[in-house]
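Novice: Heads up: the sequence shown begins at 12 in the numbering used here, then just goes up one per residue.
Backbone N, C-alpha and C fix where the C-beta goes; we use that ideal spot for every residue, glycine too.
Quick caveat: nothing in here was measured; it's all calculated off a predicted structure.
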Amino acid sequence: MDRFVAELSAERDGAVARVARLTERVEELAAESARLDEAVARLAPPDYGPLGERALRILALAEEEAGALLGAAREAAQVLRDEADAAAR
12 MDRFVAELSA
22 ERDGAVARVA
32 RLTERVEELA
42 AESARLDEAV
52 ARLAPPDYGP
62 LGERALRILA
72 LAEEEAGALL
82 GAAREAAQVL
92 RDEADAAAR
């Protein structure tokens, strides 16, 4: 029984350490994301007019798809954060 409890304790300690490392990494990535957002905000908006009407329609579809993928990725990331928070408790 003591061995089982010791194994569970070691597993828990490992999980807590992993959550701490992942939390630190999330904070690093959030800071990098903020830095990159600021850099992008300083850029001049691109001009796609010379591409032509068809290319502009394709671009609009691509931007719509990118928005949908970004939303799904953010939802998945939130689920992972919630699971990590729950595991840390």
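Would you say the stretch 14 to 32 touches the stretch 69 to 88, given that touching needs at least three Cβ pairs under 8 Å?
Specialist: No, the stretch 14 to 32 is not in contact with the stretch 69 to 88.
Novice: Return helix, strand or coil for Gly78, following the three-state DSSP convention.
Specialist: Helix, per DSSP.
Novice: Between which two residues does the alpha helix (DSSP H) carrying Leu47 extend?
Specialist: Taken as a continuous stretch (DSSP letters only), the alpha helix (DSSP H) holding Leu47 covers 13 to 52.
Novice: Quick check: the Cα distance between Arg32 and Ala55, rounded to an integer number of angstroms?
Specialist: If you take the alpha carbons of Arg32 and Ala55, they lie about 37 Å apart.
Novice: Whole angstroms is fine: what's the gap from Leu67's alpha carbon to Gly78's?
Specialist: Distance between the alpha carbons of Leu67 and Gly78 is about 16 Å.
Novice: Under 8 Å by Cβ, that's how I've got Ala98 and Val30 pegged, so tell me the actual separation to the nearest angstrom.
Specialist: Contact holds; Cβ gap of about 6 Å.
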